[in-house]
Amino acid sequence: MLLFLSVIIAKAQQLTKDQSELRSLSTTWDLDKENRQGNFKFTPYKPVYVTAGRWSNNPNTLP
């Protein structure tokens, strides 16, 4: 199980590294004609992670 999780984490880190290229402002805000991506194109700000369990044995139960 631990080996499986470490493989999944390594793959996720590699995908995140590949997708986290720096982008210029003209690409981000569609300022140049050659960088146009169309209206209402949603792009992620940061990667989203989904966990299957809790890693802490002492979670914070207070808001």
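Numbering-wise (UniProt numbering), the sequence shown opens with residue 1 and increments by one. Cβ coordinates follow ideal geometry from the N, Cα and C atoms, glycine included. As the structure is a computational prediction, the values presented were derived from the model and not from experiment.
What would DSSP say about residue i, mapped onto helix, strand or coil?
i	result
A52	coil
K33	helix
Q11	In the sequence as displayed, the identity of residue 11 is Lys instead of Gln. Helix, per DSSP.
L62	coil
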